[in-house]
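Q: Quick one: this structure, given as structure tokens, is what I'll be asking you about.
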Ligand code: Z5A
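In this note's numbering, the protein residues as written are 314 to 583.
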């Protein structure tokens, strides 16, 4: 499998199957029912990839088994579809084609990674999920939300995240962060890029204009405000440490887990 510059720069790890890493925090685990499904969302450069490993570590320290993954991607097929979706050569792809490829990757991800992990009691930490489709294909590209909702139903059945963390920053702040990251030298192992373009080149989404990302942000905020029991809007404009504290506090308040000392394990406190 071949990785783009951003893939190589990503702070989350991958396993040999094209999925991402599973962490245990080094503790003995006892499985208690279904795991929890946490999704990290936000506009470009909001800091999702920065926060995910911090959360993974903190939950692992508490004895929670986690699996970190991403969309589009998370499986060999999904990562191949991701390469197509981000490839600037396909600028102008029809919004319907883009929508269907997103959901094709999601169907594979759910079947091969997310559902088995949740069934095994693992907490799934996912960098983007279907809210990104409502935000980018819906808000950004103008696809009717009802069409997206119909696919959501078809592909996901009853699977929905337990908690969606919307890392919120003004679009200009996120784009500036992402722009600075692209200019940073990479000291990571060389790998060929699928696109053949420069490793720090902007991908197909990153080439969109500020108004596109404003519409994306607006959809995230609207959806989060409409379902406060499932969403948390986190002000992610502060430094990484402050944002991490906000994220971790929110998770422990919304999805509390407690220690079972006799079993050397922690259980989701429902
Ligand atoms: N997409 C879609 O259209 N429809 C869908 O259904 C799905 C996705 C699932 C790829 O996703 C694209 O797919 C995405 C939407 C589309 N395109 N866009 N835009 P992605 O998640 O891989 O791409 P991304 O959103 O562009 O990720 P990103 O730019 O890596 O954003 P991030 O993960 O939120 O940011 P980060 O990498 O953690 O941080 C960016 C830089 O800022 C980096 O240098 C950090 O060191 C720095 N940073 C992070 N936090 C801070 C703070 N707090 N202060 C200062 N600097 C910071």
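Just so you know, even glycine gets a beta-carbon here, dropped at the ideal spot from N, CA and C. Since the structure is predicted, the reported quantities are computational estimates derived from the model, not experimental observations.
I need the DSSP call for residue 437, collapsed to helix, strand or coil.
A: Of the three classes helix, strand and coil, the one that applies to residue 437 here is strand, per DSSP.
Q: On a Cα-Cα basis, can you pick out the residue from 432, 443, 387, 421 that is closest to residue 412?
A: 443
Q: Hey, out of 532, 434, 398, 478, whose CA is closest to residue 377's CA?
A: 434
Q: Take residue 367 and list the residues in its own chain whose beta-carbon comes closer than 6 Å to its own, dropping the five residues that flank it on each side.
A: 557, listed in sequence order.
Q: Give me the residue from 409, 423, 483 with the minimum Cα distance to residue 456.
A: 409
Q: Quick check: the Cα distance between residue 452 and residue 531, rounded to an integer number of angstroms?
A: 8 Å
Q: Applying the criterion that 16 or more other CB atoms from any shown protein chain within 10 Å of the CB defines a buried residue, is residue 437 buried or exposed?
A: buried
Q: Ordered along the chain, which non-local residues of its own chain (more than five positions away) have a Cβ less than 6 Å from that of residue 384?
A: 441, 442
Q: Whose C-alpha, out of 424, 481, 474, is nearest the C-alpha of residue 387?
A: When only C-alpha atoms are compared, the closest one is 424.
Q: Given 8 Å as the limit, is there contact between the stretch 475 to 492 and the stretch 519 to 529, that is, 3 or more CB pairs closer than that?
A: Result yes; three or more Cβ-Cβ pairs closer than 8 Å.
Q: Go ahead and pull the three-state DSSP assignment for residue 266.
A: What is shown of the chain runs 314 to 583, which leaves residue 266 out entirely.
Q: Taking the C-alpha atoms as reference points, what is the distance between residue 379 and residue 550?
A: Whole-angstrom Cα-Cα distance: 26 Å.
Q: Please tell me whether residue 350 and residue 478 are closer than 8 Å, where the distance is taken between their beta carbons.
A: Contact flag unset, no.
Q: Going by CA-CA distance only, name the one from 398, 476, 519 that's closest to residue 567.
A: The shortest Cα separation from residue 567 among 398, 476, 519 belongs to 476.
Q: Is residue 382 near residue 517, with beta carbons less than 8 Å apart?
A: No, Cβ-Cβ distance for residue 382 and residue 517 is not below 8 Å.
Q: When you compare only the Cα positions, how much space is there between residue 432 and residue 374?
A: Going from the Cα of residue 432 to the Cα of residue 374 covers about 22 Å.
Q: Just list the beta strand (DSSP E) runs in the stretch 418 to 469, keeping only unbroken ones of 3 residues or longer that don't cross its boundaries, in chain order.
A: 436 to 440
Q: Quick check: the Cα distance between residue 469 and residue 555, rounded to an integer number of angstroms?
A: 34 Å
Q: As a quick exercise: from 450, 552, 570, 563, pick the residue whose alpha carbon is nearest that of residue 363.
A: 552
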